[in-house]
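Undergrad: Chains C and Z are the protein sequences, given in the same order. Following numbering that gives the first Met the number 0, the residues of the first sequence are numbered contiguously, the last one being 165. Following numbering that gives the first Met the number 0, the residues of the second sequence are numbered contiguously, the last one being 593. For glycine and all other residues, C-beta sits at the position ideal for the given N, C-alpha and C. Note that the structure is a prediction, hence the values are computed from the model and not measured.
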Amino acid sequence: MKQKKICLLGGFAVGKTSLVRRLVSGLFSEKYLTTIGVKIDQKMVTIHDHSLLLVLWDLYGDDDYQKVRASYLQGSSGYILVIDGTRPETIDVAIRLHQTARQVVGTVPYVLLLNKHDLAEDWKVDPATLGELSRQACLVAKVSAKTGDGVESAFSALAEAMLNGS
Amino acid sequence: MASSSRTPSGSRPTEFTARQADDFSALRRLLLAPEQVQLDRLRDRLENFSLRPQEVSQVLPDAIRLRAQQDNRLLASMIPITQEALALSIKQSPQLISDSIAPILGPAIRKAISRAMREMLQSLNQTLEYSMSWQGLQWRWEAWKTGKSFAEVVLVHTLRFRVEQVFLIHKRTGLLLNHIMAEGVSGQGEEVISAMLTAIQDFVRDSFQQSQEEGLESLRIGDLTVWVEQGPSAILAAVIRGAPPVKLRDVLQGTIESIHAQYSDALRSFQGDASAFLDTRLLLEDCLQAQFVKKPGGLPFSVWVLAALLLGLLGWWGYHAALQHQQWTRLLNRIEAEPGMVITSIREEAGNTVFLGLRDPLAVDPQMLLEETGYAPATVTFRLEPFLALTPEMIYRRALLILQPPETVSVSLEGSQLILAGHGSHAWISAVRERSLRIPGIVSVNMERLIDTDLERFETVRHMLEEESLNFFPGQMTLQEHELAKIEQIKQTVQQLDDMAKVLEIRPSIHVIGYSSPEGSESTNTALSALRAKYVWQLLDPLGLRMISLEAIGRGVDPAALASSPKEGQSYDSSRRVYFEVERLPVSGERGGE
Ligand SMILES: Nc1nc2c(ncn2[C@@H]2O[C@H](COP(=O)(O)OP(=O)(O)OP(=O)(O)O)[C@@H](O)[C@H]2O)c(=O)[nH]1
Ligand SMILES: [Mg+2]
Numbered sequence: 000m001k002q003k004k005i006c007l008l009g010g011f012a013v014g015k016t017s018l019v020r021r022l023v024s025g026l027f028s029e030k031y032l033t034t035i036g037v038k039i040d041q042k043m044v045t046i047h048d049h050s051l052l053l054v055l056w057d058l059y060g061d062d063d064y065q066k067v068r069a070s071y072l073q074g075s076s077g078y079i080l081v082i083d084g085t086r087p088e089t090i091d092v093a094i095r096l097h098q099t100a101r102q103v104v105g106t107v108p109y110v111l112l113l114n115k116h117d118l119a120e121d122w123k124v125d126p127a128t129l130g131e132l133s134r135q136a137c138l139v140a141k142v143s144a145k146t147g148d149g150v151e152s153a154f155s156a157l158a159e160a161m162l163n164g165s
Numbered sequence: 000m001a002s003s004s005r006t007p008s009g010s011r012p013t014e015f016t017a018r019q020a021d022d023f024s025a026l027r028r029l030l031l032a033p034e035q036v037q038l039d040r041l042r043d044r045l046e047n048f049s050l051r052p053q054e055v056s057q058v059l060p061d062a063i064r065l066r067a068q069q070d071n072r073l074l075a076s077m078i079p080i081t082q083e084a085l086a087l088s089i090k091q092s093p094q095l096i097s098d099s100i101a102p103i104l105g106p107a108i109r110k111a112i113s114r115a116m117r118e119m120l121q122s123l124n125q126t127l128e129y130s131m132s133w134q135g136l137q138w139r140w141e142a143w144k145t146g147k148s149f150a151e152v153v154l155v156h157t158l159r160f161r162v163e164q165v166f167l168i169h170k171r172t173g174l175l176l177n178h179i180m181a182e183g184v185s186g187q188g189e190e191v192i193s194a195m196l197t198a199i200q201d202f203v204r205d206s207f208q209q210s211q212e213e214g215l216e217s218l219r220i221g222d223l224t225v226w227v228e229q230g231p232s233a234i235l236a237a238v239i240r241g242a243p244p245v246k247l248r249d250v251l252q253g254t255i256e257s258i259h260a261q262y263s264d265a266l267r268s269f270q271g272d273a274s275a276f277l278d279t280r281l282l283l284e285d286c287l288q289a290q291f292v293k294k295p296g297g298l299p300f301s302v303w304v305l306a307a308l309l310l311g312l313l314g315w316w317g318y319h320a321a322l323q324h325q326q327w328t329r330l331l332n333r334i335e336a337e338p339g340m341v342i343t344s345i346r347e348e349a350g351n352t353v354f355l356g357l358r359d360p361l362a363v364d365p366q367m368l369l370e371e372t373g374y375a376p377a378t379v380t381f382r383l384e385p386f387l388a389l390t391p392e393m394i395y396r397r398a399l400l401i402l403q404p405p406e407t408v409s410v411s412l413e414g415s416q417l418i419l420a421g422h423g424s425h426a427w428i429s430a431v432r433e434r435s436l437r438i439p440g441i442v443s444v445n446m447e448r449l450i451d452t453d454l455e456r457f458e459t460v461r462h463m464l465e466e467e468s469l470n471f472f473p474g475q476m477t478l479q480e481h482e483l484a485k486i487e488q489i490k491q492t493v494q495q496l497d498d499m500a501k502v503l504e505i506r507p508s509i510h511v512i513g514y515s516s517p518e519g520s521e522s523t524n525t526a527l528s529a530l531r532a533k534y535v536w537q538l539l540d541p542l543g544l545r546m547i548s549l550e551a552i553g554r555g556v557d558p559a560a561l562a563s564s565p566k567e568g569q570s571y572d573s574s575r576r577v578y579f580e581v582e583r584l585p586v587s588g589e590r591g592g593e
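1. Please identify the residue among Leu266/Z, Arg27/Z, Val227/Z, Arg554/Z whose C-alpha is closest to the C-alpha of isoleucine 199/Z.
2. Going by DSSP, which residues form a beta bridge with asparagine 351/Z?
3. Once the 5 residues before and after threonine 254/Z are set aside, which same chain residues still bring their CB inside 7 Å of it?
4. Answer with buried or exposed for lysine 15/C, where buried requires no fewer than 16 other C-beta atoms within 10 angstroms of its C-beta.
5. Check the Cβ of isoleucine 35/C against every Cβ in chain Z and list those closer than 8 Å, keeping chain order.
6. Cβ of glutamate 190/Z less than 9 Å from any chain A Cβ?
7. Which of the residues in the stretch 168-184 of chain Z, read from start to end, lie with their CB under 9 Å from any CB of chain C?
8. Indicate the three-state DSSP secondary structure (helix, strand or coil) for tryptophan 56/C in the structure shown.
9. So, with DSSP's three-state summary, where would you put lysine 145/C?
10. For ligand 1, is there any heavy atom lying closer than 8 Å to the beta carbon of arginine 20/C?
11. Nearest by alpha-carbon distance to valine 104/C: which of Ser50/C, Ser75/C, Asp63/C is it?
12. Is the closest heavy atom of ligand 1 to the C-beta of threonine 146/C under 8 Å?
13. Check whether the Cβ of tyrosine 78/C lies closer than 8 Å to any heavy atom of ligand 2, and answer yes or no.
14. So does the stretch 472-487 of chain Z actually touch the stretch 442-454 of chain Z, counting three or more Cβ pairs closer than 8 Å?
15. Step through the CB atoms of chain Z and report whether any lies within less than 9 Å of the CB of lysine 141/C.
16. Contact criterion: CB-CB distance below 9 Å. Does phenylalanine 291/Z meet it with respect to chain C?
17. Would you mind giving the Cβ-Cβ distance between valine 54/C and lysine 4/C, rounded to the nearest angstrom? I have them listed as a contact below 8 Å.
18. Between which two residues does the alpha helix (DSSP H) holding aspartate 21/Z run?
19. If you draw a straight line from the C-alpha of arginine 432/Z to the C-alpha of histidine 481/Z, how long is it?
20. Compute the distance between the beta-carbons of tryptophan 316/Z and tyrosine 374/Z, then report whether it is under 9 Å.
21. On the CB-based measure, 16 or more other CB atoms within 10 Å of its CB, does glycine 164/C come out buried or exposed?
22. When DSSP labels each residue in this structure, what does histidine 462/Z get in the three-state scheme?
23. Can glycine 36/C be considered in contact with ligand 2, in the sense that its beta carbon sits closer than 8 Å to one or more heavy atoms?
24. Taking 8 Å as the line, does the beta carbon of aspartate 57/C fall inside it for any heavy atom of ligand 4?
25. To the nearest angstrom, how far is the alpha carbon of aspartate 140/Z from that of glycine 183/Z?
26. Using a Cβ-Cβ distance under 9 Å, would arginine 101/C count as near chain Z?
27. Have a look at glutamine 270/Z and threonine 157/Z and give me their C-alpha separation to the nearest angstrom.
28. Kindly list the residues whose CB is nearer than 6 Å to the CB of alanine 275/Z, restricted to its own chain and excluding five residues on each side of it in sequence; keep chain order.
29. Within 10 angstroms of the Cβ of arginine 545/Z, are there 16 or more other Cβ atoms? Answer buried if so, exposed if not.
30. Does DSSP classify glycine 592/Z as helix, strand or coil?
31. Within the 9 Å Cβ cut-off, does glutamine 270/Z reach chain C?
32. Would you decide whether lysine 246/Z is buried or exposed? Buried here means 16 or more other CB atoms lie within 10 Å of its CB.
33. Does the CB of glutamine 65/C have a neighbour CB from chain Z at under 9 Å?
34. Glycine 10/C: beta carbon under 8 Å from a heavy atom of ligand 2?
35. Do leucine 118/C and ligand 1 come close, with the Cβ less than 8 Å from some heavy atom?
36. With distances taken Cα to Cα, identify the nearest neighbour of tyrosine 262/Z among Arg240/Z, Val238/Z, Asp249/Z, Pro231/Z.
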């Protein structure tokens with residue numbers, strides 16, 4: 000059985016922890032408990048009859064006070080960039096984190112997730128404006144940790160890309 | 000050489016003669032003689048191949064060493080050859096290979112087995128030791144109170160330290176390469192723990208700006224300590240309960256070094272597939288060390304308990320075996336001594352002991368003997384045919400049963416003679432002889448000392464009657480008032496005698512005898528005595544006696560009065576009387592002795 004390290008990257012409160020929780024335990028909570036440091040979870044996925052253990056590093060949200068440490072990214076076989084679809088300012092954070100990731104782990108597959116898709120009336124991000132960030136991603140998807148929309152398939156897509164890469 | 004000599008002759012053919020050529024050659028020899036030798040040698044070395052291996056052989060060891068120092072390309076190119084050679088060698092002479100690896104494999108296997116044995120013994124020993132002591136009871140109470148398992152409580156109290164889990168973690172990715180646990184430890188989420196440990200490492204390193212080679216060495220979580228040993232590409236994390244000794248560090252260090260030495264390629268090229276590290280288990284198991292608090296004093300409590308138990312068991316068994324043996328012999332002796340029982344054989348039948356033989360119906364119930372001797376009755380059965388035993392004891396027993404002697408009669412046996420003594424009723428005595436002679440084994444009966452109580456009483460009453468006398472006034476033939484009063488008592492006595500005669504089956508006759516005094520004429524006296532007897536006889540007659548016949552007899556003058564002449568003042572009052580004589584005809588049963 001193979002294992003792969005995956006990091007969840009994005010600004011604060013974009014829903015990284017919620018996405019992992021939705022994936023791992025199928026639950027969601029409106030309550031916001033900010034992540035301090037790292038929270039690690041695991042998820043077993045099956046890609047083309049191969050089982051793959053994803054070790055998910057849910058990092059704290061990057062903000063002006065606390066930049067994500069490069070060392071946490073080390074050894075990742077892929078990463079997930081999360082943007083809050085109701086907060087366009089989280090795009091810049093994602094771009095910055097993407098650059099950091101490239102420096103630390105090189106060109107490994109990543110997926111770009113526009114979260115909180117369920118909040119349609121507050122939606123402010125147009126995927127077309129994401130440019131470079133979305134072109135290199137192996138998947139760009141609007142997802143919702145609240146409803147679970149697109150969450151599982153996003154992780155599967157990344158898992159598959161990682162298997163093909165290695 | 001040939002072409003070089005042709006070139007000048009080709010350029011100037013006319014000036015070159017044979018002599019000139021000779022001279023030139025001589026000159027050249029003079030000028031180049033030493034170099035020529037060298038050239039010849041060189042040509043020889045180039046053309047003669049057999050010389051080269053010799054030369055190579057001189058530099059080969061150094062060459063290999065130098066090359067190996069540079070990089071491992073030589074090693075890489077040698078691997079397939081070596082592997083093939085090895086495979087071929089195994090195929091051709093397997094014995095050789097097995098002989099050479101046996102010294103390595105043997106100890107390794109022994110070590111593995113002894114480790115497994117040690118673990119098993121240790122856990123057994125601990126459970127034994129603490130499940131049977133006062134301490135153990137206390138801990139059981141604690142376990143019950145706190146809801147922990149007993150094993151856990153024992154561990155907490157007796158453990159100096161124990162390495163419970165060992166994680167081998169890939170440093171860069173934080174992914175788990177291998178993980179082992181001590182006996183009885185349950186792990187979960189090792190992958191997450193592995194990543195978490197790495198994250199903590201990263202955090203600490205970043206926060207305190209340490210180099211990659213350094214990092215957290217130890218952390219504590221409750222009563223668990225995690226010791227981390229860093230290697231260049233992997234880390235070893237040991238989860239330890241209790242206080243580990245410093246030398247455990249050396250073990251961890253040695254282990255991570257060995258792993259790096261043996262798995263450097265796999266570590267470098269690790270892409271998430273940990274299967275290449277399965278074999279590290281052997282190395283990691285060295286880290287699963289433990290140390291328990293030793294009990295003061297030589298042998299552990301459990302050994303004492305076991306020994307005591309064993310001794311007790313042995314004693315119990317021995318006691319029972321002895322008891323059983325004793326019961327068995329007692330049973331045999333008892334049966335042997337028991338009259339009326341003959342055992343002809345003893346047989347084992349499906350775990351049962353079967354006694355075969357003969358038993359007099361009057362002999363004791365064999366089941367009673369079993370109970371008496373205490374020999375397990377369920378496993379013993381008796382199959383005894385009935386028979387008549389003629390042992391004195393059985394004859395005696397049978398006599399008692401048949402004769403039913405009253406308590407006042409004693410029965411004894413002398414040879415084949417039955418001796419009866421004491422008091423018995425007439426009815427019992429009259430039947431006893433005949434019945435005795437019907438008892439098998441009895442030939443004669445001695446009844447000399449047997450007293451017929453009914454006859455005895457008859458004699459007593461008879462005596463009473465014979466003492467009575469009724470006195471008459473001179474010349475009178477009827478009784479005065481006060482003498483007549485006695486007649487009621489006499490009637491009762493006679494009636495009694497009649498009743499007893501019935502029991503004794505005798506027909507006695509009572510003679511009512513009349514006397515007169517010597518006064519008066521003899522003929523008158525004779526008539527008077529007869530009349531007096533007749534008078535009393537008539538008084539008794541209404542009794543209606545069944546067995547007794549009454550006879551009135553007149554005897555004339557009382558002979559006693561005639562014998563001694565009356566003295567002065569003495570009267571003949573006692574001579575004028577009627578008295579009784581009882582004549583008892585021989586009783587049918589009263590035959591006396593033999
Ligand atoms: N409506 C809606 N709310 C969401 C969704 N995902 C997350 N949230 C909410 O957003 C808030 C933040 O979510 P988290 O998952 O904690 O965000 P995070 O990225 O882990 O935050 P940090 O750990 O602080 O960086 C919570 O109140 C969640 O309930 C979503 O898909 N839809
Ligand atoms: Mg979070």
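TA: A quick look at the data gives this:
1. Val227/Z
2. Glu348/Z
3. Leu235, Leu282, Leu283, Asp285, Cys286
4. buried
5. Chain Z residues near isoleucine 35/C: none, gap ~11 Å exceeds 8 Å.
6. Here chain A cannot be found, since the structure's protein chains are C and Z.
7. His169, Lys170, Arg171, Thr172, Gly173, Leu174, Leu175
8. strand
9. coil
10. yes
11. Ser75/C
12. yes
13. no
14. no
15. no
16. no
17. 5 Å
18. 17-46
19. 50 Å
20. no
21. exposed
22. helix
23. no
24. Questions concerning ligand 4 fall outside what the structure shown contains, since the ligands it does hold are ligand 1 and ligand 2.
25. Correcting the residue type first, residue 140/Z is tryptophan in the shown sequence and not aspartate. Their Cα atoms are separated by approximately 21 Å.
26. no
27. 43 Å
28. Ala265
29. exposed
30. Unreliable positioning characterises glycine 592/Z in this predicted model, as indicated by a pLDDT of 38, which lies under 50. The coordinate reading is nonetheless provided below. DSSP places glycine 592/Z in coil when its eight states are reduced to three.
31. yes
32. exposed
33. no
34. no
35. yes
36. Pro231/Z
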